[in-house]
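Each residue of the sequence shown is one higher than the one before, starting from 1 at the first, in UniProt numbering.
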Amino acid sequence: GTRLGFTIDNGKIHNVSLGQGQEVVAEHAMEVAATEGHWVILQNIHLVARWLDTLEKLVEHHSLESHPEYRLFMSAEPAPSPESHIIPQGLLDNSIKITSEPPTGMRANLHGALDLFTQETLEQCSKENEFRCILFALCYFHAAVAERRRFGTQGWNRSYPFNNGDLTVSVNVLHNYLEANPKVPWDDLRYLFGEIMYGGHITDDWDRRLCRTYLSEYVQPEMLDGEVSLAPGFMIPPRLDYEDYHQYIDDNLPGESPHLYGLHPNAEMGFLTVTSERLFRTVLELQPKESEAAGGSGTSREEQASQSVLDEITGQLPEPFNMEEMMAKAKEKTPYTVVALQECERMNILTNEIRRSLKELDLGLQGELTITSEMEELANALFYDSVPESWTRYAYPSLLNLATWYADLLQRIRELEVWTTDFVLPASVWLAGFFNPQSFLTAIMQSTARKKQWPLDKMCLAVDVTKKTREEITFPPREGAYVHGLFMEGARWDVQSGSIMEARMKELTPAMPVILLRAIPADRTDTANVYECPVYKTRMRGPTYVWTFNLKTKEKPAKWVLAGVALLLEA
């Protein structure tokens, strides 16, 4: 624009950042520019979804008889999933599209981060040694947090828009703080970077902990003596000039691997497996739907497959729980009994919906009812072996395919049937079998609180991992409850040493032994040599958070934080 005589100062560029109420400003700018031959920049058009149809019509209108030098530039962020695309097709078809792809891999990201600075940047601070050391560590930190996103939820629970501005502002803050203080304010710097500059994007508490841990590992006084390694075999370099830093990266940075981010190589396997499964599912869904009518019967392959799955599911579905009968049987309403009754109620809602929708679809496939869009979605889900959306609405979070999900559902019903025959707590409880595992964990605390007259709000759960498997447990404990069915992601539990250990290759989610959960006063918790391990219902993590278990560790807890170690209720 400057080269051709178009600048904001001479009024020939109209720069509009879209948001609430800015549509009128944008429309006026386009009107003026089309007449006088100016340029218009509309930023973040994805924020004004309702106005996009109007924008498309305006673009079409101004494309006729407008000034030959009139140009329109638009920017938008990519949609997180195919379903959430909102940019009208007309705009996409008629525009020249440029995408800004972030670099991939630690080497490209680290070079990219350093490229934001120059030799002058390195020389601007009076504490040159400290400034250069921390700046390099910040560049590595920036590359690590940006690239960690590709490992899915084991990288970050949620996806965050970390950008170059975070790094450049952090370096400006670093310069100002070093100039203003006689000593390096390590805690202040870590707080500013981790809680404000980068932490400002972060909405999940576990992700915030991860960000803090990265900084406490990378930004510390020992780095000035060259004693801090940013990754196995990659130390913070000595004081170098700008070009030498680039050279140092090329010469010393190990090959691309999850180790560079503190993760185990299994993290990449898990992420690649999920990606390939998604690819194959998409290919399957792209297959032509209408197949030849089989043997002239007039029913398609899809309908036949859906009918056979429908018959199989209906045939195995047990009767609903008789809640009145159960209420009468459960004379004493202990916390555990209440949990069992709540779970049965929820299970009834789910099985009733399954029964209703399948019956409706059956009548539709036989031609006795008109096929609705809801029935069609159900039939498609049965054909593609995925759990129908109308069922997941009443179910628990799960990433399983339909066949495995249904077997899991029947197993959950059997567990509840056994428990509710006499309402005696099972020897070991399958924690993953609950719609709401938190209610059971709270019930452990409630029953202890009633027995010992302790205040519930000053209690917490003590976690003791036993050396036994589910089959070896024959009686419930005197106090608390045994639970099983948990898996560890990012590491493994070593039964011999009774602590968290490095994962074995290709064992993505090794099973945990039976765990004893007891309620104790919060002030008696053992915090030495423990890793606060989040428990999630599925690999999706984030919103499926259940509880925090304190697990014994012989290594620094920071190692497991960076490795994204968590317990899952579904492998």
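Backbone N, C-alpha and C fix where the C-beta goes; we use that ideal spot for every residue, glycine too.
Across the stretch 555-566 and the stretch 527-536, are there enough close Cβ pairs to call them in contact, namely three or more that are closer than 8 Å? Segments in contact, yes.
Which partner residues does P521 have in the DSSP bridge list? M459
Let me know if H264 comes out buried or exposed under the rule of 16 or more other beta-carbons within 10 Å of its beta-carbon. buried
For H14: DSSP bridge partner residues: V40
For T404, name the three-state secondary structure that DSSP assigns. In the structure shown, T404 sits in a helix (DSSP, three-state: H, G or I).
Do V59 and L72 have their C-beta atoms closer together than 8 Å? yes
Selected residue, minimal CA-CA separation from V463, among V514, R478, Q496 and A427: V514
Three or more C-beta pairs under 8 Å: does that hold for the stretch 120-127 against the stretch 72-82? no
Would you tell me roughly how many angstroms separate the C-alpha atoms of A49 and S84, rounded to the nearest one? 11 Å
Using a 10 Å radius around the Cβ and a threshold of 16 neighbouring Cβ atoms, would you call I202 buried or exposed? buried
Which ranges would you report for the beta strand (DSSP E) in the UniProt domain "Dynein heavy chain AAA lid" (132-267) if only whole runs of at least 3 residues count? Qualifying beta strand (DSSP E) stretches, in chain order: 229-231.
Alpha-carbon spacing of C139 relative to G270, whole angstroms: 27 Å
Starting from the C-beta of residue 575, find all residues in its chain whose C-beta is less than 7 Å away, skip the five residues before and the five after it, and write them out in chain order. A query on residue 575 cannot be resolved here, the shown segment of the chain reaching from 1 to 571 and no further.
For a quick check, are the C-beta atoms of L551 and V465 less than 8 Å apart? yes
Counterpart residues of T548 in DSSP-defined beta bridges: Looking at the DSSP assignment, T548 forms a beta bridge with P534.
Please list, in chain order, all residues of the same chain as A293 whose beta carbon is under 6 Å from its beta carbon, the five residues on each side excluded. Summary for A293: the model assigns pLDDT 44, below 50, so the residue's position carries little reliability; its value from the coordinates is reported in the next sentence. Taken in chain order, the list of residues that qualify is empty.
For Y482, I'd like the list of residues in its chain whose CB is within less than 6 Å of its CB, leaving aside the five on either flank, ordered along the chain. Cβ-Cβ distances below 6 Å link Y482 to S428, I473, V514 and L516 in the same chain, with the five nearest sequence neighbours on each side left out; the list follows chain order.
Can you name, in chain order, every residue of its own chain whose Cβ lies under 8 Å from the Cβ of residue 580, other than the five neighbours on each side? Not covered by the structure: residue 580. The range shown for the chain is 1 to 571.
Bridge partners for H484 per DSSP, in chain order? W430
Under three-state DSSP, which class holds I500? In the three-state reduction of the DSSP assignment, I500 falls in the strand class, which pools E and B.
Mind checking whether R541 and N129 have CB atoms under 8 Å apart? no
Touching by the beta-carbon criterion (3+ pairs, under 8 Å), the stretch 411-423 and the stretch 306-315: Output reads no: the stretch 306-315 does not touch the stretch 411-423.
Can you have a look at I98 and say buried or exposed, based on whether 16 or more other CB atoms are within 10 angstroms of its CB? exposed
Could you pull the start and end residues of the alpha helix (DSSP H) that F440 belongs to? P437 to K452
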